[in-house]
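First the structure, in the form of structure tokens, and then the observations on it.
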Amino acid sequence: MRQLQQSFAALPEAARLKLINLTGEVAVKAEGLTKKDWQNWIIGGFISAITSLALNHTQTSEVLRLVKAAFGGRFLH
Numbered sequence: 923m924r925q926l927q928q929s930f931a932a933l934p935e936a937a938r939l940k941l942i943n944l945t946g947e948v949a950v951k952a953e954g955l956t957k958k959d960w961q962n963w964i965i966g967g968f969i970s971a972i973t974s975l976a977l978n979h980t981q982t983s984e985v986l987r988l989v990k991a992a993f994g995g996r997f998l999h
């Protein structure tokens, strides 16, 4: 998680802080949700954050790549 959070450093501060807070919630949510509910929560959470922050195409692509690298593997399939 820390590596993912550090990867957001190039984003504007508001975006960085929002995404860092969201990644901080991942472990907490994982404890109380089923795998499917957690998958839906994390996908929805990051998509919602990206759209509300109005990131440009490059920033959006980078955030999605980082999230997929961090959580993609066996968790989001």
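First residue of the sequence shown? That's 923 in our numbering, and the numbers climb one at a time after it. We treat Cβ as the ideally placed atom computed from N, Cα and C, and that holds for glycine.
Expected contact under 8 Å - CB spacing of residue i and residue j to nearest Å
{"i": "Phe930", "j": "Arg938", "result": "5 Å"}
{"i": "Ala976", "j": "Leu941", "result": "Not confirmed; about 13 Å, so no contact."}
Residue i versus the options, residue with shortest Cα-Cα distance
{"i": "Ile965", "options": "Val948, Gln928 and Ala932", "result": "Val948"}
For residue j and residue i, the rounded distance between their alpha carbons
{"i": "Ala950", "j": "Ser974", "result": "Contrary to the premise, residue 950 reads as Val rather than Ala in this sequence. Distance between the alpha carbons of Val950 and Ser974: 23 Å."}
{"i": "Asp959", "j": "Glu953", "result": "11 Å"}
{"i": "Gln981", "j": "Leu933", "result": "7 Å"}
{"i": "Leu988", "j": "Leu926", "result": "7 Å"}
{"i": "Gly967", "j": "Ala936", "result": "16 Å"}
{"i": "Gln961", "j": "Leu955", "result": "9 Å"}
Buried versus exposed call for residue i [16 or more other C-beta atoms within 10 Å across all chains shown]
{"i": "Thr945", "result": "buried"}
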